[in-house]
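**Student:**
There are 2 protein chains.
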Amino acid sequence: MPRRGPRSLLHSESRSADLLDGTLRGDRLSAARLITKIENNEAPLDTLRAIHKHSGRAHVIGITGAPGAGKSTLVDKLADHYRKLGKKVGVVCVDPSSPFTGGAILGDRIRMQTRSTDKDVFVRSMGTRGSLGGLARATNDTVKVLDAMGKDVVIVETVGVGQGEVDIVRTADTIVVVLVPGMGDDVQTIKAGIMEIGDVFCVNKADRDGANRTVMEVTQLLEMVMRPDDAWTPLIVQTIAAEDKGVDELITSVTKHFAHLQSSGELAVRRRKRSEAELLEILKSRLVHYVMSEDKMRGRFDTYVDEIARRERDPHEAAARILDEWR
Amino acid sequence: MPRRGPRSLLHSESRSADLLDGTLRGDRLSAARLITKIENNEAPLDTLRAIHKHSGRAHVIGITGAPGAGKSTLVDKLADHYRKLGKKVGVVCVDPSSPFTGGAILGDRIRMQTRSTDKDVFVRSMGTRGSLGGLARATNDTVKVLDAMGKDVVIVETVGVGQGEVDIVRTADTIVVVLVPGMGDDVQTIKAGIMEIGDVFCVNKADRDGANRTVMEVTQLLEMVMRPDDAWTPLIVQTIAAEDKGVDELITSVTKHFAHLQSSGELAVRRRKRSEAELLEILKSRLVHYVMSEDKMRGRFDTYVDEIARRERDPHEAAARILDEWR
């Protein structure tokens, strides 16, 4: 066999079978390229299918909280501490608030590059390109890639706390809600929405005035929630991420939660929910793809849209007709 | 015909044909009941179809911006001023950050009740009950109800600026982005994502330090965006909503934009996009409804989900099988 030059080697390495093999061997470059394909909706189906079957080992931790709560610093420290415990770590930063590539996620991209200098932590940033559904799907597949490449812990960090973030974080095994002392009324309002999804509450910047009050408020809110006797009782941890304080306690709490998930059988329940959401999302996108890509259907779809906009037809009737025709 | 008592009258009024007639006559109670049915996913298809055909007259204004920008006060004042101009006004407050009913949207509900004392302004609050897609659909149908009941202006106000909000506000004819002077870095980041969708930028709390700087920043950002020669150039308005200042100027700008939409033909383009998004959303929900409600399909779906969670099957193959079976 003739020896191949660097160019043909590069070409060969980006072939999907090689990307898959590389990823499963834990190769960063292969994983990074595969994720880019996922983001661009260009990942071959066979590869995604294989990745799925090789995933399911990692502990997936979702981290959410209001902007300014110090999530990114906390995630940096979490990754460091997990490394020190000998764990392989992957991080996915998701920003659903940005419907556009570029500008809004620039901050993350810069941060990502800084963190990427640590060879043992794989960090990836993602923004929406089009739809929330698309982002959730891409995030989900990216988590699987990190899982399949052998990461023990995959941290999914969201920028804000909108419904998009909640939907994404919900697919994690353990959900950490990051709060800060002395948040205003607006954030209190947001808090009410995420209190019910937190497995661990992390009061960050705990050296600030009002940290104890925030812990008390969270405790009171949690006490108001009715839970079955054998259910997990959310833990509250105080951290000062910027000073690297309390991070081990956070890891202990998160690990306790994972142990509870495993012993109670709840892990299977959560992962089943994740699979259900995933299957529904793929079903929907396949339907849309069909309607939008087949010439005959697309023409009819466009005609219906025109008629709906002119109020000559209503969208419910049009949807029924499209589905009837498809079947 | 025997005279009916109040009880049977009430019963009769909530029949869907009567709800529709009442709504088209501009009756508040009928419209409110119909919207409740829409929220609960109980609105009869025939009613929704009729409402669609009776809508399309109102100027739909989307208002978005970071929490704390003073959007709700601004919307109150906008409604007042429109009323003084003899316009009928409907307001829909949307909170996609709340995946749960109750808590998180309580603030809005209280506000709503205060505003509802003005008989001429119809205000309705909505939170997510389940999915963002569901909220977008319910909001869209609610806007149509207000339109069909004869409102000249329908204001859709969102609580935050996540992707969910952007998706909802995007369906408006005119998009107003509310900013405040002296926003921190986090909000600047968010701003980058919404700069491209604003038709009118409203710098509220303009008596604060840095108002002129914010106006300058917005101007500079807008200059960086490439636009065709005949495209709308976004307007920037300064308001102090709490002191009722600048609101007429805001209305003037919004009205100018609507006139531009009409004269340029852009209105038809935007409404076509809205119809397309609506049709796709209905298509997807019909598919999910089918898979989830038909016994045979549901059983198969559940089996597939189990297999996917156990990594015995991948979701892409399962989706293909489900769609094949359906056809």
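Quick mapping for you: the protein sequence lines, in order, are chains U and S. Numbering of the first sequence is given in the working numbering, commencing with residue 1 and proceeding in unit increments. Numbering of the second sequence is given in the working numbering, commencing with residue 328 and proceeding in unit increments. Glycine is no exception: its CB is placed at the ideal position from the N, C-alpha and C atoms. Note that the coordinates shown come from a computational prediction; the quantities given were computed from them, not determined experimentally.
Which of the three DSSP states is assigned to R109/U in this structure?
**Tutor:** Locating residue 109/U in the first sequence gives position 109, counting from the first residue. Residue placement at R109/U is poorly supported in this model, since its pLDDT is 42, which falls under 50; the coordinates still yield a value, given next. Helix, per DSSP.
**Student:** Please tell me whether Y631/S has its Cβ less than 8 Å away from any Cβ of chain U.
**Tutor:** Mapped onto the second sequence, residue 631/S falls at position 304. It does; some Cβ of chain U falls within 8 Å.
**Student:** S12/U to L19/U, Cα distance in whole Å?
**Tutor:** In the first sequence, the residue the question calls residue 12/U occupies position 12. In the first sequence, the residue the question calls residue 19/U occupies position 19. Unreliable placement is indicated for S12/U, whose pLDDT of 43 sits below 50; the coordinate value is still reported in the next sentence. Near 9 Å, if we compare the C-alpha coordinates of L19/U and S12/U.
**Student:** According to DSSP, is H260/U helix, strand or coil?
**Tutor:** Here residue 260/U corresponds to residue number 260 of the first sequence, with the count starting at 1. Helix, per DSSP.
**Student:** Decide if D435/S is buried, meaning its Cβ has at least 16 other Cβ atoms within 10 Å, or exposed.
**Tutor:** Within the second sequence, the letter at position 108 stands for residue 435/S. Residue placement at D435/S is flagged as unreliable, the pLDDT there being 46, under the threshold of 50; a coordinate-derived value is accordingly withheld.
**Student:** How many Å lie between L336/S and R342/S at the Cα?
**Tutor:** Counting from 1 along the second sequence, the entry for residue 336/S is found at position 9. Counting from 1 along the second sequence, the entry for residue 342/S is found at position 15. Because L336/S carries a pLDDT of 47, less than 50, the predicted location of this residue cannot be relied on, and the following value inherits that uncertainty. Near 10 Å, if we compare the C-alpha coordinates of R342/S and L336/S.
**Student:** Could you pull the start and end residues of the alpha helix (DSSP H) that R28/U belongs to?
**Tutor:** Here residue 28/U is taken as the residue at index 28 of the first sequence, counted from 1. Looking at the DSSP string, the run of the alpha helix (DSSP H) that includes R28/U is 28-39.
**Student:** Which residues does DSSP list as the beta-bridge partners of M126/U?
**Tutor:** Numbered from its first residue, the first sequence carries residue 126/U at position 126. Paired residue(s): V94/U.
**Student:** Considering only their Cβ atoms, is the gap separating A69/U from V178/U smaller than 8 Å?
**Tutor:** Residue mapping note: residue 178/U aligns to position 178 of the first sequence, counting from 1. Residue mapping note: residue 69/U aligns to position 69 of the first sequence, counting from 1. The answer is yes: Cβ separation under 8 Å.
**Student:** Please report the residue range of the beta strand (DSSP E) in which H386/S lies.
**Tutor:** As a working note, residue 386/S is residue 59 in the second sequence. First-last of the beta strand (DSSP E) with H386/S: 386-392.
**Student:** Going by beta-carbon coordinates alone, are T582/S and C529/S separated by less than 8 Å?
**Tutor:** Taking the first residue of the second sequence as 1, we reach residue 582/S at position 255. Taking the first residue of the second sequence as 1, we reach residue 529/S at position 202. For T582/S and C529/S, no; Cβs fall outside 8 Å.
**Student:** Check E196/U in the structure and name its three-state DSSP category.
**Tutor:** The residue labelled residue 196/U in the question sits at position 196 within the first sequence. Here E196/U sits in coil by DSSP.
**Student:** Checking contacts by CB at 8 Å: is K328/U closer than that to chain S?
**Tutor:** What the structure shows of chain U is the stretch from 1 to 327, and residue 328/U is not part of that stretch, so it cannot be assessed.
**Student:** Which residues in the same chain have their Cβ closer than 6 Å to the Cβ of R137/U, if we skip the five residues on either side of it in sequence?
**Tutor:** The residue you call residue 137/U lines up with position 137 of the first sequence. Cβ contact annotation for R137/U (same chain, cutoff 6 Å, sequence separation greater than five): E281, in chain order.
**Student:** Apart from the five residues just before and just after V291/U, which ones in its own chain have a Cβ nearer than 8 Å to its Cβ?
**Tutor:** Sequence index remark: in the first sequence, residue 291/U carries index 291 (1-based). Closer than 8 Å at Cβ, skipping near neighbours: M297, R298, F301, I322, W326.
**Student:** Could you check what DSSP says for T560/S in three-state terms: helix, strand or coil?
**Tutor:** Counted from its first residue, the second sequence places residue 560/S at position 233. DSSP places T560/S in coil when its eight states are reduced to three.
**Student:** Count the other C-beta atoms from every protein chain shown that fall within 10 angstroms of the C-beta of G614/S, then say buried if there are 16 or more, exposed otherwise.
**Tutor:** Stepping through the second sequence from its first residue, residue 614/S is reached at position 287. The displayed chain sequence assigns Leu, not Gly, to residue 614/S. The residue in question, L614/S, is buried, as its Cβ has 16 or more Cβ neighbours within 10 Å.
**Student:** For the beta strand (DSSP E) containing L179/U, list its first residue and its last residue.
**Tutor:** Here residue 179/U refers to the residue found at position 179 when the first sequence is read from its first residue. Unbroken beta strand (DSSP E) run through L179/U: 174-179.
**Student:** So the candidates are V450/S, H379/S, I365/S; which of them puts its Cα closest to the Cα of S602/S?
**Tutor:** Indexing the second sequence from 1 puts residue 602/S at position 275. Closest option to S602/S, Cα to Cα, is H379/S.
**Student:** Starting from E484/S, trace the beta strand (DSSP E) both ways and give me its first and last residue.
**Tutor:** The residue given as residue 484/S occupies position 157 in the second sequence. Per DSSP, E484/S belongs to the beta strand (DSSP E) from 480-485.
**Student:** Using the beta-carbon count (16 or more within 10 Å), is M90/U buried or exposed?
**Tutor:** In the first sequence, counting from the first residue as 1, residue 90/U sits at position 90. Residue identity check: residue 90/U is Gly in the sequence provided, not Met. So G90/U ends up on the buried side.
**Student:** Residues of chain S with CB closer than 7 Å to the CB of I322/U, please, in chain order.
**Tutor:** Stepping through the first sequence from its first residue, residue 322/U is reached at position 322. Here the neighbours are L610.
**Student:** Spell out whether any CB of chain S is found under 8 Å from the CB atom of I308/U.
**Tutor:** On the first sequence, position 308 is the one that residue 308/U refers to. Chain S contact via Cβ: present.
**Student:** Tell me whether the beta-carbon of V200/U lies closer than 8 Å to the beta-carbon of T174/U.
**Tutor:** The residue given as residue 200/U occupies position 200 in the first sequence. The residue given as residue 174/U occupies position 174 in the first sequence. Cβ distance < 8 Å, so V200/U and T174/U count as in contact.
**Student:** Distance check for R124/U and L135/U, CA to CA, integer angstroms please.
**Tutor:** Here residue 135/U is taken as the residue at index 135 of the first sequence, counted from 1. Here residue 124/U is taken as the residue at index 124 of the first sequence, counted from 1. One C-alpha to the other measures close to 13 Å.
**Student:** Along chain S, in chain order, which residues have C-beta atoms closer than 8 Å to that of P315/U?
**Tutor:** Numbered from its first residue, the first sequence carries residue 315/U at position 315. The contacting residues are H379, S602, E605, L606, I609.
**Student:** Among R227/U, K84/U, D207/U, which residue has its Cα nearest to the Cα of I197/U?
**Tutor:** For the purposes of this step, residue 197/U is taken as residue 197 along the first sequence, with counting starting at 1. For I197/U, the closest alpha carbon among the candidates R227/U, K84/U, D207/U is that of R227/U.
**Student:** Report the neighbours of G626/S on chain U: residues whose CB is nearer than 8 Å to its CB, in chain order.
**Tutor:** Counted from its first residue, the second sequence places residue 626/S at position 299. None at all; the shortest Cβ gap to chain U is about 14 Å.
**Student:** Could you tell me whether the Cβ atoms of A636/S and R271/U are closer together than 8 Å?
**Tutor:** By one-based count along the second sequence, residue 636/S stands at place 309. By one-based count along the first sequence, residue 271/U stands at place 271. Their beta carbons are under 8 Å apart, which means A636/S touches R271/U by this criterion.
**Student:** Evaluate T23/U with the Cβ neighbour count: other Cβ atoms within 10 Å of its Cβ, from every protein chain shown; 16 or more gives buried, anything less gives exposed.
**Tutor:** If you number the first sequence from 1, residue 23/U lands on position 23. By the 10 Å Cβ count, T23/U comes out buried.
**Student:** Start and end of the alpha helix (DSSP H) containing T498/S?
**Tutor:** Counting from 1 along the second sequence, the entry for residue 498/S is found at position 171. Per DSSP, T498/S belongs to no alpha helix (DSSP H) and is neither H nor E.
**Student:** What's the C-alpha gap between S591/S and A558/S?
**Tutor:** Position 264 of the second sequence, counted from the start, is the residue given in the question as residue 591/S. Position 231 of the second sequence, counted from the start, is the residue given in the question as residue 558/S. S591/S and A558/S: Cα-Cα distance of roughly 9 Å.
**Student:** Taking 7 Å as the limit between beta carbons, can you name the residues of its chain near T466/S, skipping five residues before and five after?
**Tutor:** For the purposes of this step, residue 466/S is taken as residue 139 along the second sequence, with counting starting at 1. V419, V421, M453, V483, I495.
**Student:** Using DSSP with H/G/I as helix, E/B as strand and the rest coil, what is K471/S?
**Tutor:** Working through the second sequence from its first residue, we reach residue 471/S at position 144. Correct three-state label for K471/S: helix.
**Student:** Along the chain, where does the alpha helix (DSSP H) containing N612/S start, and where does it finish?
**Tutor:** Your numbering for residue 612/S matches position 285 in the second sequence. It should be pointed out that residue 612/S corresponds to Ser in this sequence rather than to Asn. Here the alpha helix (DSSP H) through S612/S covers 593-620.
**Student:** What is the DSSP secondary structure of R331/S, counted as helix, strand or coil?
**Tutor:** If you number the second sequence from 1, residue 331/S lands on position 4. Unreliable positioning characterises R331/S in this predicted model, as indicated by a pLDDT of 47, which lies under 50. The coordinate reading is nonetheless provided below. For R331/S, the secondary structure class from DSSP, reduced to helix, strand or coil, is coil.
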